[in-house]
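A.B. asks:
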Amino acid sequence: MLRKFYKMHGIGNDYIYFDCMSEPLENVEELAVRLSDRHFSIGGDGVILLCPSTVADCRMRMFNADGSEGKMCGNGIRCVGKLAHDLGYVKGNICSIETLSGIKKLAFTLDWQGRVTSAKVDMGAPVLDGEKIPSAIMGERVVNHPVEIGGREYFVTLVSMGNPHCVVFSDPDKIDIENTGKLFEFSPLFPERVNTEFVQVVARNELKMRVWERGSGETLACGTGACAVTVAAVLNGYADKDVPVRVHLKGGDLIVTYTDGAVFMEGGAELAFTGEVEI
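Position one of the sequence shown corresponds to residue 3 (my numbering), numbered consecutively onward.
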């Protein structure tokens with residue numbers, strides 16, 4: 003059976019999207035592994051489904067390239083909002099999307115034709131408690147905490163934005179991210195694995211990062227990761243609360259603001275192409 007797909011990306015963080023508002027997909031875990039292959043299939047960081055919801059305008063399900071289901075995807079949710087709007091499921095410039103980490107609210111920027119070009123997402127409040135990340139490191143806040151990974155000492159700050167993140171302030175261009183990222187991802191310190199960001203402070207309220215995502219490896223961008231590094235930068239004294247922070251990722255920039263009540267992330271959402279694939 004042929005099924006239409008939408009290849010979309012948020013600053014290079016690309017996923018394969020399916021409209022499941024009226025027709026569900028089965029065995030998405032296996033499908034994500036097969037379709038994410040960049041040499042023998044469509045290629046992407048995973049598969050994301052646009053699904054109906056009883057509590058929001060729509061629901062997002064996100065699957066990594068290894069088939070594991072993620073609770074949240076910051077770049078993905080902007081594209082889900084764009085897809086729902088462009089297909090007519092959502093009207094106007096405001097949208098609510100149900101995820102495994104709660105309901106997220108989006109505000110769209112529209113072009114002259116009424117199409118979504120970018121979105122600002124209320125990502126909710128960060129989780130800082132070490133046990134709730136989850137991690138084996140206890141404490142209400144784990145900030146600049148020494149750990150040993152692969153026989154080397156790192157100072158880490160832990161933040162959950164629906165997904166667990168481990169932030170390391172270290173020059174990202176000098177990191178062997180594939181080997182180091184795997185060591186963090188599968189460290190016994192993180193029972194559900196972890197996304198790891200290596201961050202350089204460019205200036206106050208300006209950061210540069212690379213990210214190793216659990217289940218996908220290094221990606222060009224990570225929305226929840228950009229939120230996590232912004233929170234970590236505030237906690238470590240490198241950035242200010244209530245001030246927009248520019249986060250440079252390999253695929254482009256995101257603007258993140260950490261307030262007392264929530265973290266707000268703003269960035270683009272683009273449709274690359276559409277097609278049909280045998281399911």
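Just so you know, even glycine gets a beta-carbon here, dropped at the ideal spot from N, CA and C.
In this text, all values refer to a predicted model and were calculated from it rather than measured experimentally.
Between Leu4, Ala127, Tyr156, which lies nearest to Ile177 when the distance is taken from Cα to Cα?
C.D. replies: As a working mapping, residue 177 is identified with position 175 in the sequence shown. Of the listed residues, the one whose Cα sits closest to Ile177 is Tyr156.
A.B. asks: What whole-angstrom Cβ distance do Ser162 and Val201 have, given they're in contact under 8 Å?
C.D. replies: Start at 1 with the first residue of the sequence shown, and residue 162 comes out as number 160. Start at 1 with the first residue of the sequence shown, and residue 201 comes out as number 199. Ser162 to Val201, Cβ: 17 Å. No contact.
A.B. asks: Looking at C-beta atoms only, is the number of pairs between the segment 105–119 and the segment 138–150 that lie closer than 8 Å three or more?
C.D. replies: Not touching, per the Cβ criterion.
A.B. asks: For Asp131 and Asp262, I'd like the C-alpha separation in whole angstroms.
C.D. replies: Taking the first residue of the sequence shown as 1, we reach residue 131 at position 129. Taking the first residue of the sequence shown as 1, we reach residue 262 at position 260. So the alpha carbons of these two residues sit roughly 16 Å apart.
A.B. asks: Of the choices Glu187, Glu215, Phe110, Lys9, whose alpha-carbon is the least far from that of Arg40?
C.D. replies: Residue 40 sits at position 38 when you count from the first residue of the sequence shown. Closest option to Arg40, Cα to Cα, is Lys9.
A.B. asks: Beta-carbon separation of Lys68 and Gly164 under 7 Å?
C.D. replies: Counting from 1 along the sequence shown, the entry for residue 68 is found at position 66. Counting from 1 along the sequence shown, the entry for residue 164 is found at position 162. Going by the sequence as given, residue 68 is Asp instead of Lys. Not in contact: Asp68 and Gly164 (Cβ atoms no closer than 7 Å).
A.B. asks: Would you kindly work out how many angstroms separate the C-alpha atoms of Ser38 and Ile18, rounded to a whole number?
C.D. replies: On the sequence shown, position 36 is the one that residue 38 refers to. On the sequence shown, position 16 is the one that residue 18 refers to. So the alpha carbons of these two residues sit roughly 8 Å apart.
A.B. asks: Tell whether a beta-carbon distance below 7 Å holds between Gly183 and Thr159.
C.D. replies: For the purposes of this step, residue 183 is identified with residue 181 of the sequence shown, where counting begins at 1. For the purposes of this step, residue 159 is identified with residue 157 of the sequence shown, where counting begins at 1. Against a cut-off of 7 Å, the Cβ pair of Thr159 and Gly183 comes out as no contact.
A.B. asks: Which residues does DSSP pair with Met23 in a beta bridge?
C.D. replies: As a first step, residue 23 must be located in the sequence shown, where it is residue number 21. Its beta-bridge partners do not exist; DSSP assigns none.
A.B. asks: Does Gly153 pass the burial test, meaning 16 or more other C-beta atoms within 10 Å, or should it be called exposed?
C.D. replies: On the sequence shown, position 151 is the one that residue 153 refers to. Exposed: under 16 other Cβ atoms inside 10 Å.
A.B. asks: Among the candidates Pro54, Asn238, Met125, whose CA atom is the shortest distance from the CA of Lys73?
C.D. replies: Residue numbering aside, residue 73 sits at position 71 when the sequence shown is read from its first letter. Lys73 has its Cα closest to that of Met125, out of Pro54, Asn238, Met125.
A.B. asks: Just how far apart, CA to CA, sit Lys122 and Ala235?
C.D. replies: Taking the sequence shown and counting its residues from 1, the one referred to as residue 122 is at position 120. Taking the sequence shown and counting its residues from 1, the one referred to as residue 235 is at position 233. Taking the straight line from one Cα to the other gives about 20 Å.
A.B. asks: Which class does Ser189 belong to by DSSP, given the choice of helix, strand or coil?
C.D. replies: Counting from one through the sequence shown, the residue named residue 189 turns up at place 187. Looking at Ser189 - three-state DSSP - the assignment turns out to be coil, as it is neither helix nor strand.
A.B. asks: To the nearest whole angstrom, what separates the beta carbons of Ala223 and Asn66, a pair I think is in contact under 8 Å?
C.D. replies: Along the sequence shown, read from residue 1 onward, the residue named residue 223 stands at position 221. Along the sequence shown, read from residue 1 onward, the residue named residue 66 stands at position 64. In fact, because the Cβ distance is near 15 Å, the residues do not count as touching under 8 Å.
A.B. asks: Pick helix, strand or coil for Asp175, following the three-state DSSP scheme.
C.D. replies: By 1-based counting over the sequence shown, the position of residue 175 is 173. In the structure shown, Asp175 sits in a helix (DSSP, three-state: H, G or I).
A.B. asks: Taking all protein chains shown into account, decide if Arg206 is buried (16 or more other Cβ within 10 angstroms of its Cβ) or exposed.
C.D. replies: Along the sequence shown, one-based indexing puts residue 206 at 204. Under this definition Arg206 is an exposed residue.
A.B. asks: On the three-pair Cβ rule with 8 Å, is the segment 87–99 touching the segment 244–263?
C.D. replies: Segments in contact, no.
A.B. asks: Using the C-alpha atoms, what's the distance from Arg117 back to Asp88?
C.D. replies: For this step, residue 88 is matched to residue 86 along the sequence shown. For this step, residue 117 is matched to residue 115 along the sequence shown. Cα-Cα distance, rounded: 6 Å.
A.B. asks: Cβ atoms of Leu4 and Glu278: under 7 Å apart, would you say?
C.D. replies: The residue given as residue 278 occupies position 276 in the sequence shown. The residue given as residue 4 occupies position 2 in the sequence shown. A contact, by the Cβ cut-off of 7 Å.
A.B. asks: Would you mind sorting Ala230 into buried or exposed? The rule is 16 or more other CB atoms within 10 Å of its CB.
C.D. replies: One-based indexing of the sequence shown puts residue 230 at position 228. When all chains shown are included, Ala230 counts as buried.
A.B. asks: Evaluate Val82 with the Cβ neighbour count: other Cβ atoms within 10 Å of its Cβ, from every protein chain shown; 16 or more gives buried, anything less gives exposed.
C.D. replies: Working through the sequence shown from its first residue, we reach residue 82 at position 80. Buried is the call here.
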